[in-house]
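Colleague: What follows is a structure written as structure tokens; I'll ask about it next.
Protein chains in written order, with the numbering used here: chain A, 29 to 324; chain B, 2 to 493.
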């Protein structure tokens, strides 16, 4: 074996290894390198060096300053509880990030949207906050609340298709599943209804907001996720809520934070990213919603 | 450190996260692969076993237990080739060849075209057959064509049959080209396995140059512009004609950078290991005719189709009309190779029509002499613009979900070209414009310039190469979306 040949291989090997080491070192350090308008991003290698703590970027807020986006970082930390179960603790911190607005919007559809927000009673809190967003960003909003509704109820009739036809939305936000957390054999019983709901939405852009679990479900979240994919599913069960007297519905303040997380997901992670900049204040406006009574 | 998560990445198969050349996991793994490779590459048997083992692991990470299908078809084709070679009678040789082709294409047809066949059968006959979704093993179209090239060349006696199964498995499963090409012909690759592997300094750094180019093409250019083109192709009716046109341009850049980026990385990785996979792209959008385009785009596939389909059909030896028909049939089947859908058939067929029209045009007007240079220049520009926009027009059908979406896009471009949308587009998507212009500039350089740049890269000091590599990797991280985007050609 010639030494010169080995030297060639080891040189290129060194190039790979040093590059990997530099990128890794930067990604696990607390140091953030910034050049005008850009923060040098860290690789995902860092997640392997974070022991049992992981950081999830959950929220994006665009400041009034044209060049700065601030990110609300939700830190989750798993600790052992007294009964041996794992408890997830949430901690939120504000972190400034300097992605340019132009760069951010290149990934987002900035055109005006007609948004149909439809689903169960969980909409009551969400629709108020979404109204702030749609007014601020120049979109139209049509909320439809069907109290006590389920995927079965929506899937058995063409009510959704009717609203889609009437309002002709460019974007549908489906909030459904909270009344089906404890259904047995959910996949066998409800999968066909979820498929029918998606059929009614047709080829319009949509996301499905999962239920805000107050207890472990029997599979509704997984079933919806399986049908729509992670880029169209917001897993609300991962958040913590302050709940009302019934122990299920988040209080308005908590619903507002929930909506903030959903809009952040839509803008940053979903398949169809539309413009939903955070409005400067909470106006608590009640949008003109269509209310449908529970089926008896 | 989360060893469990690291272990999971390197051991388990996740259909949603196949291992890609531009992923951190592959980067990490390749360092260790290269370290051991440096110790074994001079010993043929050790090298063969080691590279095959790594390639099979790589394929497992990309396609799970369909790995067994790959190994099974390798065993079958290896044996078929031996039978073809050992048979004395011509009819028996032909029989074994036919059996082998039917076997290889049968597997491909089952995994790739069964659903397509059933849907069309139901549509024609009104029947209601249904079959469960068939998973398409990654890279099956590529390795099937490779094995076909081997067995046909053995039949034609262009190459000797290999009696070493290790060599054949190495050729078929070599990880740089395994999942998305380039389709390497046996007559180019198998002789390399018989020779001593020599790692030349120039080849190693040319390989690194290609890896850097591929990484930047894929992770910076292709993935970034895809965010815009995906948006518009999802619903062209919601965008103005100008925005649709820009999305078509973006897709043209995306598919070129995506696929040629993958090929560059594959060729570069092989070069570092001392192997030559040939060339797969040669600045295709500089083509001044469709014939020229197909000499520059996916060269491995177009030469495969030429050698094993177009020429056996008669090529250009059976008169002009047959030449046109042969071009059309070749491209039609080339389109179908890309996917089981009528849109790919249309795409291929239209390229076939383009080739036939160009050949006819060349026959009628090819002898006209233009003497003035300015006239030649104008003609070249016109020919380029026509070719480029014909290719772009057909990319719309290639990318769109179905014909209605494609026609909607064409309709928007032709009938809704409102220039009022130009200014907002440029102000809202500055970075996209910069990337698009950068992509055009890098594509506009001549092949000679690229070769010169490559040689300059080889000659610069170690620290400069390191700086360029670090900046390139960091740029890839900077532009990477939430998750690594799979290569477009994985699905074929």
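Ideal Cβ placement from N, Cα and C applies to all residues, glycine included.
Please list the partners that residue 137 of chain A has in chain B, where partner means a Cβ-to-Cβ separation under 7 Å.
Modeller: Here residue 137 of chain A refers to the residue found at position 109 of the first chain. Chain B residues near residue 137 of chain A: 232.
Colleague: Can you tell me which of the three DSSP states residue 476 of chain B falls into?
Modeller: For the purposes of this step, residue 476 of chain B is taken as the residue at position 475 of the second chain. If DSSP states are grouped into helix, strand and coil, residue 476 of chain B belongs with the helices.
Colleague: Which one of A:201, A:319, A:138, A:264 has the shortest CA to CA distance from residue 426 of chain B?
Modeller: Looking up residue 426 of chain B in the second chain gives position 425. Taking only the C-alpha atoms, the option nearest residue 426 of chain B is A:138.
Colleague: By Cβ distance below 6 Å, which residues in the same chain neighbour residue 180 of chain B in space, the five residues on each side in sequence not counted?
Modeller: Counting from 1 along the second chain, the entry for residue 180 of chain B is found at position 179. Within the same chain, residue 180 of chain B has close Cβ partners 63, 139, 140.
Colleague: Where does residue 305 of chain A fall in DSSP's three states?
Modeller: In the first chain, the residue the question calls residue 305 of chain A occupies position 277. Residue state, collapsed to three classes: coil.
Colleague: From this set, B:121, B:79, B:240, which residue's C-alpha is nearest residue 421 of chain B's C-alpha?
Modeller: If you number the second chain from 1, residue 421 of chain B lands on position 420. With distances taken between Cα atoms, residue 421 of chain B lies closest to B:240.
Colleague: Give the straight-line distance between the Cα atoms of residue 176 of chain B and residue 236 of chain B, rounded to the nearest whole angstrom.
Modeller: Locating residue 176 of chain B in the second chain gives position 175, where the first residue counts as 1. Locating residue 236 of chain B in the second chain gives position 235, where the first residue counts as 1. Roughly 37 Å between the two C-alpha positions.
Colleague: Mind checking if residue 192 of chain A is an interface residue toward chain B, Cβ cutoff 8 Å exclusive?
Modeller: Translated into the one-based positions of the first chain, residue 192 of chain A becomes position 164. No, no contact with chain B.
Colleague: Between A:317, A:260, A:305, which has its C-alpha nearest residue 163 of chain A's C-alpha?
Modeller: Counted from its first residue, the first chain places residue 163 of chain A at position 135. Nearest C-alpha to residue 163 of chain A: A:305.
Colleague: Leaving aside the five residues before and after residue 244 of chain A along the sequence, list all residues of the same chain whose C-beta is less than 7 Å from its C-beta, in chain order.
Modeller: Stepping through the first chain from its first residue, residue 244 of chain A is reached at position 216. Counting only Cβ-Cβ distances below 7 Å, and skipping sequence neighbours, we find nothing.
Colleague: With a Cβ-Cβ cutoff of 8 Å, do residue 312 of chain B and residue 37 of chain A count as a contact?
Modeller: For this step, residue 312 of chain B is matched to residue 311 along the second chain. For this step, residue 37 of chain A is matched to residue 9 along the first chain. No, the pair does not count as a contact, with Cβ atoms beyond the cut-off.
Colleague: Is the closest heavy atom of the ligand HEM to the C-beta of residue 255 of chain B under 7 Å?
Modeller: For the structure depicted, the ligand HEM is absent and the ligand set is empty, with no information on it obtainable.
Colleague: So, residue 344 of chain B versus residue 398 of chain B, is the Cβ gap smaller than 8 Å?
Modeller: Taking the second chain and counting its residues from 1, the one referred to as residue 344 of chain B is at position 343. Taking the second chain and counting its residues from 1, the one referred to as residue 398 of chain B is at position 397. Yes, the pair counts as a contact, with Cβ atoms nearer than the cut-off.
Colleague: In chain B, which residues lie with their C-beta within 7 Å of the C-beta of residue 246 of chain A?
Modeller: As a working note, residue 246 of chain A is residue 218 in the first chain. Correct list: empty, because the minimum Cβ distance to chain B is about 24 Å.
Colleague: For residue 137 of chain B, which three-state DSSP category applies?
Modeller: Numbered from 1 along the second chain, position 136 holds the residue referred to as residue 137 of chain B. Residue state, collapsed to three classes: coil.
Colleague: Below 8 Å on C-beta distance, what does residue 400 of chain B contact in chain A?
Modeller: Indexing the second chain from 1 puts residue 400 of chain B at position 399. Ordered by position in chain A, no residue passes the 8 Å Cβ test against residue 400 of chain B, which lies about 16 Å from the chain.
Colleague: Based on the DSSP output, what are the partners of residue 203 of chain A in its beta bridges?
Modeller: Within the first chain, residue 203 of chain A is the residue found at index 175, counting from 1. Per DSSP, A:147, A:237.
Colleague: Only counting runs of 4 or more residues, tell me where the alpha helix (DSSP H) segments fall wholly within the segment 227–271 of chain A, in order along the chain.
Modeller: With a minimum length of 4 residues, the continuous alpha helix (DSSP H) runs that stay inside the segment 227–271 of chain A are 248–256.
Colleague: Would you mind telling me which residues of chain B sit closer than 7 Å to residue 46 of chain A, beta carbon to beta carbon, in chain order?
Modeller: Along the first chain, read from residue 1 onward, the residue named residue 46 of chain A stands at position 18. Those are 467, listed as they occur along chain B.
Colleague: Quick check: residue 117 of chain B and residue 342 of chain B, are their CB atoms within less than 8 Å of each other?
Modeller: The residue you call residue 117 of chain B lines up with position 116 of the second chain. The residue you call residue 342 of chain B lines up with position 341 of the second chain. The answer is yes: Cβ separation under 8 Å.
Colleague: Give me whichever residues DSSP pairs with residue 171 of chain A in a beta bridge.
Modeller: Within the first chain, numbered from 1, the residue matching residue 171 of chain A stands at position 143. According to DSSP, residue 171 of chain A bridges with A:145.
Colleague: In chain order, what residues of the segment 208–232 of chain B put their CB closer than 7 Å to some CB of chain A?
Modeller: Listed by position along the chain: 209, 228, 229, 232.
Colleague: Can you tell me whether DSSP reads residue 278 of chain A as helix, strand or coil?
Modeller: Here residue 278 of chain A corresponds to residue number 250 of the first chain, with the count starting at 1. Strand.
Colleague: Quick one, which of A:222, A:285, A:54, A:200 has its alpha-carbon nearest residue 170 of chain A's?
Modeller: Looking up residue 170 of chain A in the first chain gives position 142. Ranking A:222, A:285, A:54, A:200 by Cα distance to residue 170 of chain A puts A:200 first.
Colleague: Would you mind working out which of A:183, A:152, A:57 sits nearest residue 282 of chain A, comparing C-alpha positions?
Modeller: As a first step, residue 282 of chain A is located in the first chain; it is residue number 254 there, counting from the start. It is A:152.
Colleague: Buried or exposed, going by whether 16 or more other CB atoms sit within 10 Å of the CB of residue 335 of chain B?
Modeller: Translated into positions along the second chain, residue 335 of chain B becomes position 334. With 16 or more other Cβ atoms within 10 Å, it is buried.
Colleague: Between the C-alpha atoms of residue 217 of chain B and residue 303 of chain B, what's the straight-line distance to the nearest angstrom?
Modeller: The residue you call residue 217 of chain B lines up with position 216 of the second chain. The residue you call residue 303 of chain B lines up with position 302 of the second chain. Approximately 25 Å, taken between the alpha carbons.
Colleague: Evaluate residue 360 of chain B with the Cβ neighbour count: other Cβ atoms within 10 Å of its Cβ, from every protein chain shown; 16 or more gives buried, anything less gives exposed.
Modeller: For the purposes of this step, residue 360 of chain B is taken as residue 359 along the second chain, with counting starting at 1. So residue 360 of chain B counts as buried.
Colleague: Give me the DSSP bridge partner(s) of residue 209 of chain B.
Modeller: Along the second chain, one-based indexing puts residue 209 of chain B at 208. None, per the DSSP bridge assignment.
Colleague: Compare the C-beta of residue 40 of chain A against all C-beta atoms of chain B and say whether one is closer than 8 Å.
Modeller: For the purposes of this step, residue 40 of chain A is taken as residue 12 along the first chain, with counting starting at 1. Residue 40 of chain A counts as touching chain B.
Colleague: Between residue 287 of chain A and residue 227 of chain B, what straight-line distance do the alpha-carbon atoms span, to the nearest angstrom?
Modeller: Your numbering for residue 287 of chain A matches position 259 in the first chain. Your numbering for residue 227 of chain B matches position 226 in the second chain. If you take the alpha carbons of residue 287 of chain A and residue 227 of chain B, they lie about 28 Å apart.
Colleague: Output, in sequence order along the chain, the residues in the segment 449–467 of chain B whose CB is closer than 7 Å to any CB in chain A.
Modeller: If the cut-off is 7 Å between Cβ atoms, the segment 449–467 of chain B has 463, 466, 467 near chain A.
Colleague: Should residue 182 of chain A be labelled buried (16 or more other beta-carbon atoms within 10 Å of its own) or exposed?
Modeller: For the purposes of this step, residue 182 of chain A is taken as the residue at position 154 of the first chain. Buried, because 16 or more other Cβ atoms sit within 10 Å of the Cβ of residue 182 of chain A.
Colleague: Taking the alpha carbon of residue 245 of chain B as the point to measure from, which residue in B:231, B:88, B:65 has its own alpha carbon closest?
Modeller: Position 244 of the second chain holds residue 245 of chain B. Measuring from the Cα of residue 245 of chain B, the nearest candidate turns out to be B:231.
Colleague: Between residue 327 of chain B and the rest of its own chain, which residues show a CB-CB distance below 7 Å, the 5 nearest in sequence each way excluded?
Modeller: Counted from its first residue, the second chain places residue 327 of chain B at position 326. Only 311, 314, 315, 316 meet the Cβ criterion.
Colleague: Using the three-state DSSP reduction, which class does residue 161 of chain B fall into: helix, strand or coil?
Modeller: Taking the first residue of the second chain as 1, we reach residue 161 of chain B at position 160. Correct three-state label for residue 161 of chain B: coil.
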